[in-house]
Amino acid sequence: MIEVKAVSTVNNQATAIRKKTGSINYAKWGYIFLIPFFLVYIVFSLVPLVSVFYYSFFENYMSGLTQIGPNFVGFKNYGTLLESNIGKYFGNTILIWVLGFIPQIFISLLLASWFTNLRLRLRATGMFKTIIYLPNLIMASAFAMLFFVLFSDAGPMNDILVHLGILEKPYRFMSEVAGTRGLIIAMNFLLWFGNTTILLMAGIMGIDTSLIEAAEIDGAKPAQVFWLITMPLLKPIFVYVLITSLIGGLQLFDVPQILTNGGGNPDRTSTTLIMLLNNHLYSKNYGLGGALSVMLLVISGVLSFVVYDTLTREQRKQRKERKLQRGGAGR
Amino acid sequence: MNQNDAARLQLRLTRTACYIILILISAMCLFSFYVLIINSTRSHPDIQKGFAFLPGGSFGYNLQNLLANENLPVVKAIFNSLFVSGSTALITTYFSALTAYAIHAYDFRFKRAAFAFIMMIMMVPAQVTALGFVRLIGTFNLMDTFLPLILPSAASPIVFFFMKQYMEATLPIEIVEAARIDGSNEFRTFNLIVLPIMKPAIAVQGIFTFVTAWNNYFVPSLILKSAENKTVPLLIAQLRNADFLKFDMGQVYMMITIAIVPVVIVYLLLSRYIIRGITLGSVKG
């Protein structure tokens, strides 16, 4: 009896296994493997993101030692922010990004086109690439601290510049608007232009060389080849570089925070939006902090949409025209 | 013939100009690090006297002073940073590969939606959620611990995207099917067959996540409070906060050297792989 039972259970198991493999239902494993990512994302990012919207509608801060709120105030926090200096900080952030991005894209394009130019055949490009990418891996806060020490009033850079006769007396970088902003822009440039160069290089190398050869045979000059063939084909990677750089620019924090010790000196001309957010987080002003976070989310969303839209408008137009032509031919 | 010579001369001139500009740009990249290393070998009085282009002999002296400085627990901070960055690199690469595998190898109803969702959240700046994150960590009672710095990295959209690109190029589904026929369960297949194939991608992304975590300042500064839990960037901020003119400049330079140079050395050893790795995950032209 027992034996028969055992045999039957084995048989049952066998059919069960056959059934399983027969219908092959692996889909559930897809769901199971997605669980960690989504669980962690929901707990540590999505819930905080939603709660940021929630906090932005409440008055909730410390006044001295007394806790004010949380009281529901609707959109009052947004109004307070817009009336405050936020426009100035937004201006600072954008100015620093633009003045850093223009030379960055210019130098990066130049270097990328040299590194990929088959006729120039530069040597030791590996070494140059290694060097220009190096700053990107450096701790931004330590880099800012380094610049702070190097460019301080009695620091080595002033010493060198005076000795070389370029300056008559030490330039007070940290007390001048142009000096401080200039240092932030220079650091940002150094930190990111290597990365941009390598991305653009990958884009250029992805271009079919026969197109360029054909143009050269037709008598196109190198400049014409670059502007009329390479650049249009480079557009997708260009959009990618521009959007990531813009979003990164809006997040600018480590460098100005350490360089100015969070003060944005002189006279808050180098305070960025995230430095303002950081101040609200430290002073536990959750209402204004929340409203600022929501505005940052909206600004970065809108700006990247605008950039994406303007840069791809021509492509979409062409596609539409082609569609219309095809439609017309069909009729 | 003459025209040919002229063209060759012009090419040579262009090439020379390129080299000169490349050398100038490289010098611009390296000069600040050169000054840093020189000054880390000079004592405080020497540094005050003015800059010198040759190293001094006080490297050991500065290092000793810094390590003995009770206000800056450097050794502890290095271990904290190594622990946080190492764990982050492991968690990020493993779970990103797992998530990418789920999307790459299986067909299920919400696959497209899940993929679209991950691509969408890629562009959300991390700072935007910081306020909610910090308050959440407060209610979990995890303030001043390393867990909130490590665990969230299991959801890294960018590393996920890179892993998925790599899988599409290198992981034929036949291998997975062969493992199934041999009776391996799906989880085992992932750990023992898929992960080894993914090794090069894991190495590159591991380095990147490690470096990003090592350099991270914004979130740790909001979470870590006590002196013994500080990471290296927080010590740098503390150094900047202190009245630095009263400080021993030899120690300041040494502290910055410690924050920067280990990464530089690792990078120089692995630069070939790193530079190749930057572009693999990004959009293809």
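Note that the protein sequences, when read in sequence, are chains P and R.
Going by the working numbering, the first residue of the first sequence is number 30, and it counts up by one from there.
Going by the working numbering, the first residue of the second sequence is number 21, and it counts up by one from there.
Beta carbons are placed, not taken as given, at the ideal position from N, Cα and C, and that holds for glycine.
Fair warning: this is a prediction, and the values are worked out from it, not measured in the lab.
Query: Okay, do the segment 231-240 of chain P and the segment 129-149 of chain P touch, 3+ Cβ pairs below 8 Å being the bar?; Result: yes
Query: Using a Cβ cut-off of 8 Å, pull out every chain R residue sitting near Asn224 (chain P), in sequence order please.; Result: Ile298
Query: For Ile303 (chain P), return the contacting residues in chain R, with the cut-off set at a CB-CB distance below 7 Å.; Result: Gln147
Query: Can you give me the Cβ contacts of Ala125 (chain R) inside the same chain, cut-off strictly under 7 Å, excluding the 5 residues immediately before and after it?; Result: Ile193 and Val196
Query: Can you list, in chain order, the residues of its chain with a C-beta nearer than 7 Å to that of Val366 (chain P)? Leave out the 5 residues immediately preceding and following it.; Result: The requested residue 366 (chain P) does not occur in the structure, where chain P is confined to residues 30 to 360.
Query: To which residues of the same chain is Thr259 (chain P) closer than 8 Å at the C-beta, ignoring the five residues directly before and after it?; Result: Ser142, Ile233, Ile236 and Ile241
Query: Can you say whether Gln286 (chain P) is buried or exposed, counting buried as having 16 or more other CB atoms within 10 angstroms of its CB?; Result: buried
Query: Considering Glu188 (chain R), what are the terminal residues of the alpha helix (DSSP H) in which it resides?; Result: Pro177 to Thr190
Query: Taking the C-alpha atoms as reference points, what is the distance between Leu317 (chain P) and Ser329 (chain P)?; Result: 18 Å
Query: Note down the Cα distance separating Met275 (chain R) from Thr119 (chain R), rounded to an integer number of angstroms.; Result: 39 Å
Query: Out of P:Tyr84, P:Glu205 and P:Met168, point me to the one whose CA is closest to Asn235 (chain R)'s CA.; Result: P:Met168
Query: Can you tell me whether Ser302 (chain R) is buried or exposed? The criterion is at least 16 other CB atoms within 10 Å of its CB, across all chains shown.; Result: Interpretation of Ser302 (chain R) is limited by its pLDDT of 49, a score under 50 that renders its predicted location unreliable; no figure is taken from the coordinates.
Query: Here's a check: name, in chain order, each residue in its chain whose Cβ is nearer than 7 Å to the Cβ of Ala136 (chain R), leaving out the five neighbours to either side.; Result: none
Query: Grouping DSSP H, G and I as helix and E and B as strand, with all else coil, what is Gly152 (chain R)?; Result: helix
Query: Between Val95 (chain R) and chain P, is there a C-beta pair that is closer than 8 Å?; Result: no
Query: Go ahead and label Trp256 (chain P) buried or exposed: buried means 16 or more other beta carbons lie within 10 angstroms of its beta carbon, across all protein chains shown.; Result: exposed
Query: Against Lys131 (chain R), what residues of chain P qualify as contacts under a CB-to-CB distance less than 8 Å, listed in chain order?; Result: Gly59
Query: Quick one: what does DSSP say Ile64 (chain P) is sitting in, helix, strand or coil?; Result: helix
Query: Ignoring anything shorter than 4 residues, give me the alpha helix (DSSP H) runs that lie fully in the segment 220-272 of chain R, in order along the chain.; Result: 238-243 and 252-261
Query: Are the CB atoms of Ile213 (chain P) and Leu288 (chain P) nearer to each other than 8 Å?; Result: yes
Query: Have a look at P:Glu350, P:Gly108 and P:Leu220 and flag the residue whose alpha-carbon is nearest the alpha-carbon of Asn165 (chain P).; Result: P:Leu220
Query: How about Ala97 (chain R) and Lys250 (chain R): do their beta carbons lie closer than 8 Å?; Result: yes
Query: Which whole-angstrom value is the C-beta distance of Val79 (chain P) and Leu156 (chain R), which I expect to be below 8 Å?; Result: Incorrect: roughly 11 Å between the Cβ atoms, too far for contact.
Query: With three or more C-beta pairs closer than 8 Å as the rule, is the segment 84-96 of chain P touching the segment 307-317 of chain P?; Result: yes
Query: Can you tell which of P:Gly278, P:Phe177 and P:Tyr118 has the C-alpha that lies nearest to the C-alpha of Arg201 (chain P)?; Result: P:Phe177
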